[in-house]
Structure formats: structure tokens, C-alpha cells
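Be aware that the sequence shown starts at 25, since it is given in our numbering, and climbs by one per residue. Heads up, the beta-carbon is just placed ideally off N, CA and C, and yes, glycines get one too.
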Amino acid sequence: KYHSIQKRHELIDLESDNIRDYLSLGECASIAGGFGATDLSVIGLLTEALEKGRVQDVVYKGLVAATLADDYRTARQILSLYTVVCGKKYNCDEDATHFFSDPPPP
């Protein structure tokens, strides 16, 4: 349990410090998969990739990085958020991001 709490505090926010202004979508996906990123920043990344028609490439790079890091929780996070983003784009009227907001620090 301690490990998962520590991991939540170490997640990278891809929206902070203009990270996405300097890195490509694929590079951000590799960071998210290899190191872990906040749910909201992954949703933003996937939404941008979906708008640019590159969502499958971004998801693939994130999954490869998560698998190489032996982090199957992050791989599951990427797939779950991919499902939410694509479902919202094509199917949902309701804002799904509130289900994946980051928990407050302990």
C-alpha cells in the first residue's frame, strides 16, 4: 500500500512547465508509460492525439514504455483512459474526467 501512495506522489504532470511544448506526443506517451503521469494529463495527451489522428501511435508508445518498465498498473491506466477518451469523443455527452481526478494527498 505504501508503494502505491508513494507512486501517486511521484506522478508527472505533463501539463506543468510547458512540457508538451518541447516534447512530441510520442515522447510524452513514453514518459507517461515509463514513469507514470497524472490521469488528467494523460487524458489531455490522448485527447490531443485523438484530434490529430495519432491516438493509436501514442497509446502504443505508452504501452511499450510501461511494459519495458514492468509497470502493468500504468499500462492498465493508459488503456482505461484511452477507452474513456475515445468513448467521450464518439459516444458520451457527460464529462468523464471527474471519474479520474487525482486523489488528494494524504
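When you compare only the Cα positions, how much space is there between residue i and residue j?
i	j	result
D117	V109	Caution applies to D117, whose pLDDT of 44 falls short of 50 and renders its modelled position unreliable; the value that the coordinates give is listed next. Answer to the nearest angstrom: the Cα atoms are 12 Å apart.
S104	L87	12 Å
G68	G77	14 Å
G58	L38	13 Å
A99	L74	18 Å
Y106	E72	12 Å
F96	A56	According to the sequence shown, residue 96 is Tyr rather than Phe. Straight-line Cα distance between these residues: approximately 12 Å.
S65	S48	14 Å
How about residue i and residue j: are their beta carbons less than 8 Å apart?
i	j	result
I102	V79	no
Counting only beta-carbon separations shorter than 8 Å, does residue i have a partner in chain C?
i	result
N42	The structure shown contains no chain C, having only a single protein chain.
Could you round the C-beta distance between residue i and residue j to whole angstroms and report it? I think they count as a contact, below 8 Å.
i	j	result
T62	L35	5 Å
G60	D81	With a Cβ gap of about 20 Å, G60 and D81 do not count as contacting.
Relative to the C-alpha of residue i, which candidate in the options has its C-alpha closest?
i	options	result
K85	L74, S54, S40	S54
K112	L70, S40, C52	L70
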